[in-house]
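Report on the following structure.
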């Protein structure tokens, strides 16, 4: 079975196309947070953990995920 892939161009031409809004649309469309239930402890990983790696998720994007988890009754923690 092939995996379903979700994609959006993160460049914004207008304010209503901001990357945080696009991320929220992706979260909703993908259903990735459908498994979060009331009271669940949810880890939000913000980097790959590779020594010397400078890649990470930007704080304003982490906030979108944290808010989405809280809306579903989960208890997010950033790691």
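In our numbering, the protein residues as written are 887 to 965. All residues carry an ideal CB built from backbone N, CA and C; glycine is no exception.
Per DSSP, residue 954 lies in no beta strand (DSSP E); the unbroken alpha helix (DSSP H) holding it starts and ends at 945 to 957. Between the segment 908 to 927 and the segment 938 to 945, the count of C-beta pairs closer than 8 angstroms stays below three; the two stretches do not touch.
In the DSSP assignment, residue 915 forms no beta bridge with any residue. Inclusion of residue 922 and residue 955 in the CB contact set at 7 angstroms is warranted, their separation being smaller than that value. Considering only 901, 900, 951, the residue with the shortest C-alpha distance to residue 917 is 951.
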